[in-house]
Amino acid sequence: AVVRAAAAGQVLSAMQDAETGQRGYLLTMRDYYLEPYQQAEAQVGALLDRLDGLARGTPWLQDEAAQLRALVETKKAELDRTVALAREGGREAAMPTVLTDAGKTAMDGIRRSVDRISLRAEAERAQQAGLLQSRQRASTDAVQAAILAGMLLLGLAALALLWNRARLLDTQRRERLAAARLQAAIEQMRD
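Residue numbers (this note's numbering): 1218 to 1408.
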């Protein structure tokens, strides 16, 4: 669950880097501002593929990953378009596209999608933690019950030993008494 949230967060971070690079370029028209944009462009596909891999077997995450991919593609297209327009005709050529707020809308959608993934992943993690705690409590209870049963059996065994010892001592005392009477009777017969 944590890995899924982290993977979605990495997609968001890459897109924020791309947007930062695009903005820096549009403000300065200096190519080195495009480095974060280009790095993010190179990474985002692999990050989305990783998220898709983590989504296998989890329908809700597959849906979210597909929506996130579509939003990222929309945002990338907007970034690519504004950079291309700025390269061809300068900042003024790109500004009408920037001012449509299509890029902001796409970025807001990316944030919401990543938030949904993070919240759902956190809920799954909390649920798994609750199940684990429940199993641990059950195991602890079972161990405590076994220890208690063992102690009870040991107590019963100790009582049985004490009772048998008392019977043995009583039998030995009676045998000594009987032996003493027999000895006394033999000595009286001699007399």
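Built from N, CA and C at the ideal position, the CB exists for glycine as well.
**Asked** Under 9 Å, do G1238 and S1335 count as touching if we go by C-beta distance?
**Response** no
**Item:** Proximity test, L1399 beta-carbon vs the ligand FMN heavy atom, cut-off 8 Å
**Value:** Although the ligand FMN was asked about, the structure shown includes no ligands whatsoever.
**Asked** Which residues mark the beginning and the end of the alpha helix (DSSP H) in which G1307 is found?
**Response** Premise fails: G1307 is in no alpha helix (DSSP H) and is neither H nor E.
**Request:** Under 6 Å Cβ to Cβ from A1224, same chain only, skipping five residues before and after it: list those, please.
**Result:** R1267, L1268, L1271
**Asked** In whole angstroms, what is the alpha-carbon distance linking E1305 and S1330?
**Response** 33 Å
**Request:** Please state if the CB of Y1254 and the CB of D1234 are separated by a distance shorter than 9 Å.
**Result:** yes
**C-beta contact flag for A1310 and A1303 at 9 Å** = yes
**Request:** Return the Cβ separation of R1247 and A1338 in integer angstroms, given the expectation that the two are a contact with Cβ distance under 8 Å.
**Result:** So it is not a contact: roughly 39 Å between Cβ atoms.
**Prompt:** Which runs of the beta strand (DSSP E) fall wholly inside the stretch 1322-1394 and span at least 3 residues, in chain order?
**Reply:** none
**Request:** Please list, in chain order, all residues of the same chain as A1282 whose beta carbon is under 6 Å from its beta carbon, the five residues on each side excluded.
**Result:** L1268, D1269, A1272
**Item:** Cβ distance (whole Å) where L1288 is taken to contact A1323 below 8 Å
**Value:** 5 Å
**Asked** Mind checking whether L1251 and R1308 have CB atoms under 9 Å apart?
**Response** no
**Message:** Tell me the rounded alpha-carbon separation between A1383 and R1352.
**Reply:** 46 Å
**Asked** When we look at the beta-carbon of E1404 and count the other beta-carbons within 10 Å, is it buried (16 or more) or exposed?
**Response** exposed
**Asked** Can you tell which of L1264, A1401, A1363, Q1345 has its C-alpha closest to the C-alpha of E1290?
**Response** L1264
**Request:** State the Cα-Cα distance for the pair Q1260 and W1277, rounded to the nearest angstrom.
**Result:** 24 Å
**Request:** Just tell me which of E1341, M1232, E1392 has its CA closest to the CA of T1275.
**Result:** E1341
**Request:** If I'm right that M1232 touches K1292 with Cβ under 8 Å, what's the distance once you round it to whole angstroms?
**Result:** 6 Å
**Prompt:** In or out: L1296 buried (at least 16 other Cβ within 10 Å) or exposed?
**Reply:** buried
**Prompt:** Which of the three DSSP states, helix, strand or coil, is assigned to L1316?
**Reply:** coil
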